[in-house]
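Contents: one structure, followed by commentary.
In the numbering used here, the protein residues as written are -5 to 321.
So this is what it looks like as structure tokens:
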């Protein structure tokens, strides 16, 4: 028996990818509704060889017994429409930052904390793309060796900033001025994702800290982050320095990651094998390489974590949550 599914923000970069992933995973859809802003209403989109017309999202859009709505339309849209949808008996999987840190809303990565889905009250938050891939690699290590401290340094693709970010790189190579970023992203690196806060950190950096703590159920975990935007279309890269409470053997680190759900250990430096954005594009797994001991502390390692930010970092994670809801 299929379910009634809505995709909100269907015409955007992530919305389109959600439809692609739903089709690939053969999600059991009985009826599909596509919603977007007024300016996209009336457009047509294909799903499983059938044409659908995009509707403008309105307050009565969910008066049709929709079971699951996958939102990817920005925080202000989610703040307004997710409660309306959930009041109508629909479960919302939200891809924006709107609900992530709400204590009544589970923040879920299916390989990491699927049990948190059980206490949802109609809204489930999809974490930030950079957080999702990090915690998939961190969770099995934390379970075994107890993480004491994390240092994140990220190298994030322009598609993380949506269609406008993507276009800034395409057009920047032609010498055009940026529309999304404050400086050209072509041939450049911007140590600046989202807005700056009073303490000198960006919102993206604080998101990674707070979301990691929430997902790993440890509010006192020591974490710091520096996030940067690089001129790559798809695929976020992260250098993660981890300090453990317990001593370890490097063999155990490798075997723990090798058996972790959703992780592919891609690490053979003798043959120049390590994850890169071109390795992961179009894939759902999180690739981990450059795994080595941090010799500056007693019990630390460095890992290099790469994933497709539009798939695992957004669309795939949302669809995986929806799959868990069906169970």
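Every residue gets a Cβ at the ideal spot worked out from N, C-alpha and C, and that includes glycine.
Nothing here was measured: the structure is a model prediction, and the numbers come from that model.
- Assignment of residue 147 by DSSP, reduced to helix, strand and coil, places it in the strand class.
- Between residue 198 and residue 213, the C-beta gap is not smaller than 7 Å, which leaves the two residues out of contact.
- For the options 279, 64 and 13, the alpha carbon positioned closest to that of residue 254 is the one of 279.
- Short of 6 Å from the beta carbon of residue 167, and not among the five residues preceding or following it, lie these beta carbons of its own chain, in chain order: 180.
- Going by beta carbons, residue 11 and residue 309 fall inside the 7 Å limit.
- Taken in chain order, the unbroken stretches of beta strand (DSSP E) that lie wholly in the stretch 245 to 286 and span 3 residues or more are 257 to 259.
- Residue 163 sits away from residue 223, with the two beta carbons spaced by 7 Å or more.
- Ranked by Cα distance from residue 6, the options 74, 22 and 28 are led by 28.
- When C-beta atoms of the stretch 95 to 115 are compared with those of the stretch 127 to 141, three or more pairs fall below 8 Å, so the two segments count as touching.
- Secondary structure note for residue 64: its beta strand (DSSP E) is the uninterrupted segment 62 to 65.
- For the pair residue 80 and residue 86, the Cα-to-Cα distance works out to about 7 Å.
- Ranked by Cα distance from residue 293, the first of 312, 140, 305 and 62 is 140.
- Note that the C-beta distance between residue 229 and residue 151 is below 7 Å.
- For residue 67 and residue 265, the gap between their C-alpha atoms comes out near 42 Å.
- When beta bridges are read from the DSSP output, residue 84 appears opposite no residue.
- By the neighbour-count definition (other C-beta atoms within 10 Å, threshold 16), residue 36 is an exposed residue.
- Here residue 261 is near residue 285, since their CB atoms are less than 7 Å apart.
- Residue 202 and residue 258 have their C-alpha atoms spaced approximately 22 Å apart.
- Under the three-state reduction of DSSP output, residue 298 falls in the strand class.
- Residue 76 is bridged by DSSP to nothing; it lacks a bridge partner.
- Residue 46 and residue 25 have their C-alpha atoms spaced approximately 11 Å apart.
- Excluding five sequence positions before and after residue 48, the CB atoms of its chain that fall closer than 8 Å to its own CB belong to 4, 5, 28, 29, 30, 34, 35, 36, 37, 38 and 39, given in chain order.
- Non-local C-beta neighbours of residue 138 in its own chain, meaning closer than 6 Å and more than five positions away in sequence, comprise 250, ordered along the chain.
- Take residue 50, set aside five residues on each side of it, and the residues of its chain with a beta-carbon closer than 6 Å to its own are 32 and 35, in chain order.
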